[in-house]
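Colleague: For reference, the structure I am asking about is given below.
Number of protein chains: 2
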Amino acid sequence: MSVTLKDVASVAGVSTATVSRALRGFATVDPEIQQHVQQVADRLNYVGSPAAAALSTGRADSIGVITPFVDRMAFQRMLTGIESALRGTNMDLLLYCTGDPSDPHPVPPRKRLARRVDGFIVLSLALHSPDVEEISKLKMPLVLFGDQGPWGSSVQIDDRAASVVATEHLIGLGHSRIALIHGREAHDPGVLEYQRHLGFNDAMARAHLTVDPAMVVPGAFTIAGGAQAMQRLLDAADPPTAVVAFSDEMAYGAIRALRDRGLTPGRDVSIIGFDGHETSALLDLSTINVPFEDIGALAARKLLDEIHGLEADNSGVTILETVLTARSSTGTL
Amino acid sequence: MSVTLKDVASVAGVSTATVSRALRGFATVDPEIQQHVQQVADRLNYVGSPAAAALSTGRADSIGVITPFVDRMAFQRMLTGIESALRGTNMDLLLYCTGDPSDPHPVPPRKRLARRVDGFIVLSLALHSPDVEEISKLKMPLVLFGDQGPWGSSVQIDDRAASVVATEHLIGLGHSRIALIHGREAHDPGVLEYQRHLGFNDAMARAHLTVDPAMVVPGAFTIAGGAQAMQRLLDAADPPTAVVAFSDEMAYGAIRALRDRGLTPGRDVSIIGFDGHETSALLDLSTINVPFEDIGALAARKLLDEIHGLEADNSGVTILETVLTARSSTGTL
DNA sequence: GTGAAAGCGCTAACAC
DNA sequence: GTGTTAGCGCTTTCAC
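Just so you know, the protein sequences line up as chains P and U, in that order.
So for the first sequence, full-length UniProt numbering puts the first residue at 1; every next one is plus one.
So for the second sequence, full-length UniProt numbering puts the first residue at 1; every next one is plus one.
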């Protein structure tokens, strides 16, 4: 097939053990020999077999990233962060997309990735994944985002507090009939959405405002879903004057729905999103900035530390800050 | 360490070969035994070692996706397509991000991924990667996008023709002083940008319009770069009345720059983008829709076929259609 | 400092 | 149909 360690060894006139050591830069190898072996390997265009190394060492030299969706901007930003943290390490990145957790998936992620990676980053985002439980049973290094797991460390934001900030921003502008576009019904307190919902309720209660159940609609975290949600809200007997959306994408959809009816965001209806994507600036969308790139990078760094057995100072739960950016999509009543 | 095939074999009272066959659903196994083995494996929570299997079979059961950037919307869309094509197969996805090809990368992709995957999808996007050459030397299954490679098949769009369509759209609206925001200087005809530039020139020449070198500026394929480019254009002695941008992101930036000066896209300056991202509809950006999801899915399918040795009907070069969507960012002069 | 040899966990002939 | 056996290509004791 291809050129192996053994080939290099026989050409270089040394043992496979020496080649193995030399190529990995072990200090115990004679510098002359080390250099010679390196040259031979280069000349032969030798590329080692990760599979063989993995089998032998038990390490896979790669991490798995598990996410329900790849087509979300938040995911892309986290992936960017993860990638940058991995740059310069010898770790490879395996991507496993579970799809909507409510659909049963053909092959559970643990079966797929378990022995193939040294650890996992689970981006459960807005949905609690039953797979997380499965994965945590593996007792492998694991870093979670968006959910507090029973095992491993996690990177989080304070969803409840951030949601309070968003809601109070609208209240501060004089709004009282405030609607909520959430992703979907969440019953698990560990889920990001649940916490944000709590925050919304907190802020409303604190301002002595009532939450009208008709003003709470799902938007599936997509642009289309957000647009539909907004349409429902506008069709209500008593439409809202302001809306909190649990993602920028849903807010985009809401803005579109508004415009389609000739309404202007921030004047006729105020809208605030959640995520702080770059495009939100262009759409003049007020939003809660979530540092997804940092989240990804930090999660990756935590995972690498766990894998390498460093009892790092960054283990456990880390909470990152979110900040409100007010733009013209939110205005006084 | 963990439970192995051998453990399952001894518990089930059969040989490892039988377990191996049973677990992979070979027809040559007695149904009763097959079921029994499966049960034992489940009970023991057995998870096979991909490394061992790979070493033994020579197949890695995974593909590598190589891209210079992860933080581009186009990349995300292609990844979505690739992911969906891989769903239901037993192939894993390894992501390798080379970063800007002009920077030297510490570990060349071929060394990293070569023996770890069964084939590659290379998304060179707007930049010609010298790594492609290296990878093609591997003589492994390879599917390219955005570049016509010396080896392997590819998925493409007709960049030159699409660019003609975009430019002629502006010309048809009465514009004659048309600027171009490209990504960066391209000298390689195999590169997408080069072809689009050709198309721009074609359309201008056909309409007997001159291309002012001062009206051709780079935007680095980012929002910020597009904004800067637009600023330069507006600061020119004789600013353009219309602009073609080679990506929606750069067009977003251009729109922002326009707005920052109190100008309205489509009225004061017309702008057309390239890509057709979902958010472009919200920004009322005219654009050339590129079916990135389809490109990704098709590339993945081609690669799988190549890997499995199917001399598929979809091998070689496949060209996908692009379509113009006119919105209010482009208007009559 | 270097080599010999025993695996790592699985698959694929090949016999039975 | 099922078991035996010989690797796949590397790492890693353990001698020397």
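By construction, the Cβ of each residue, glycine as well, lies at the ideal position given by its N, Cα and C atoms.
#1: Just to confirm, are residue 56/P and residue 94/P a CB contact at a threshold of 8 angstroms?
#2: With DSSP run on the structure shown, which of helix, strand or coil describes residue 65/U?
#3: DSSP state of residue 45/U, grouped into three classes?
#4: By Cβ distance, which residues of its chain are closer than 6 angstroms to residue 242/U, with the 5 residues on each side in sequence left out?
#5: Which same chain residues end up closer than 7 angstroms to residue 60/P when comparing Cβ atoms and leaving out the 5 residues on each side of it in sequence?
#6: Whose Cβ in chain U lies nearer than 8 angstroms to the Cβ of residue 63/P?
#7: I need the DSSP call for residue 208/P, collapsed to helix, strand or coil.
#8: Taking residue 70/P as the query, report the chain U residues whose CB atoms sit under 8 angstroms from its CB, ordered along the chain.
#9: Near residue 325/U, which residues of its chain fall below 7 angstroms by C-beta distance, leaving aside the five closest residues on each side in sequence?
#10: With distances taken Cα to Cα, identify the nearest neighbour of residue 162/P among 299/P, 327/P, 322/P, 318/P.
#11: Which bits of chain P does residue 279/U rub up against, with CB to CB less than 7 angstroms?
#12: Flag this pair as yes or no: are the beta carbons of residue 8/P and residue 41/P separated by less than 8 angstroms?
#13: Between which residues of its own chain and residue 29/P is the CB-CB distance below 6 angstroms, once the five residues before and five after are set aside?
#14: Since residue 291/U and residue 333/U should fall inside the 8 angstroms C-beta cutoff, what is the C-beta to C-beta distance between them, to a whole number of angstroms?
#15: With a cut-off of 8 angstroms on the beta carbons, I'd call residue 236/P and residue 214/P a contact; round off their distance for me.
#16: Scan the segment 110-188 of chain U and note each continuous alpha helix (DSSP H) run of 4 residues or more that stays entirely inside, going in chain order.
#17: Got a sec: is the Cβ-Cβ distance from residue 31/U to anything in chain P below 8 angstroms?
#18: Any Cβ of chain P within less than 8 angstroms of the Cβ of residue 94/U?
#19: Tell me whether residue 218/U sits in a helix, a strand or coil according to DSSP, three-state version.
#20: Strictly below 7 angstroms CB to CB, what residues from chain U border residue 50/P?
#21: Look up residue 263/U in the DSSP assignment and say whether it is helix, strand or coil.
#22: With distances taken from CA atoms, which of 14/U, 86/U, 66/U, 220/U is nearest residue 249/U?
#23: Kindly give me the distance between the Cβ atoms of residue 132/U and residue 113/U, rounded to whole angstroms, as I take these residues to be in contact under 8 angstroms.
#24: Go ahead and pull the three-state DSSP assignment for residue 192/P.
#25: If distances are taken between C-alpha atoms only, which option among 331/U, 299/U, 328/U comes closest to residue 316/U?
#26: Where does residue 94/P fall in DSSP's three states?
#27: Determine, using beta carbons only, whether residue 123/P comes closer than 8 angstroms to chain U.
#28: Under 8 angstroms, Cβ to Cβ, is there at least one residue of chain U near residue 54/P?
#29: Taking 6 angstroms as the limit between beta carbons, can you name the residues of its chain near residue 209/U, skipping five residues before and five after?
#30: State the DSSP-derived secondary structure class of residue 303/U, mapped to helix, strand or coil.
#31: What are the partner residues of residue 318/U, as DSSP defines its beta bridges?
#32: Would residue 256/U pass as an interface residue toward chain P - the criterion being a Cβ-Cβ separation below 8 angstroms?
#33: When burial is assigned at 16 or more other CB atoms within 10 Å of the CB, is residue 329/P buried or exposed?
#34: Using a cut-off of 9 angstroms between C-beta atoms, extract the partners of residue 60/P located in chain U.
#35: Drop a sphere of 10 angstroms on the beta-carbon of residue 197/P, count the other beta-carbons inside from all chains shown, and report buried for 16 or more, exposed for fewer.
#36: To the nearest whole angstrom, what separates the beta carbons of residue 420/U and residue 122/U, a pair I think is in contact under 8 angstroms?
Modeller: The answer reads as follows:
#1: No. Outside cutoff.
#2: strand
#3: DSSP, read as helix, strand or coil, puts residue 45/U in coil.
#4: 170, 175, 178, 270
#5: The beta carbon of residue 60/P is closer than 7 angstroms to those of 54, 116, 117, 118 in its chain, skipping five residues each way along the sequence.
#6: Neighbours of residue 63/P on chain U: none; closest Cβ ~11 angstroms, over 8 angstroms.
#7: Reduced to three states, the DSSP call for residue 208/P is coil.
#8: 76, 79, 80, 83
#9: 276, 286, 287, 289
#10: 322/P
#11: 252, 279
#12: Yes; because the gap between Cβ atoms is below 8 angstroms, this pair is in contact.
#13: 21, 22
#14: That pair is no contact at about 31 angstroms.
#15: So it is a contact: roughly 5 angstroms between Cβ atoms.
#16: 130-137, 159-172
#17: No, because no Cβ of chain P sits closer than 8 angstroms to the Cβ of residue 31/U.
#18: yes
#19: In the three-state DSSP reduction, residue 218/U falls in the strand class (E or B).
#20: In chain order: 115, 116.
#21: coil
#22: Looking at 14/U, 86/U, 66/U, 220/U, the one whose alpha-carbon comes closest to that of residue 249/U is 220/U.
#23: In fact, because the Cβ distance is near 13 angstroms, the residues do not count as touching under 8 angstroms.
#24: helix
#25: Relative to the Cα of residue 316/U, the nearest Cα in the group 331/U, 299/U, 328/U belongs to 299/U.
#26: It is a strand residue.
#27: no
#28: yes
#29: 176.
#30: helix
#31: 155/U
#32: Chain P, which has a Cβ nearer than 8 angstroms to the Cβ of residue 256/U, makes this yes.
#33: buried
#34: Under a criterion of Cβ atoms nearer than 9 angstroms, the residues of chain U adjacent to residue 60/P are, in order, 50, 51.
#35: buried
#36: Here chain U comprises residues numbered 1 to 333, so residue 420/U is not present and cannot be evaluated.
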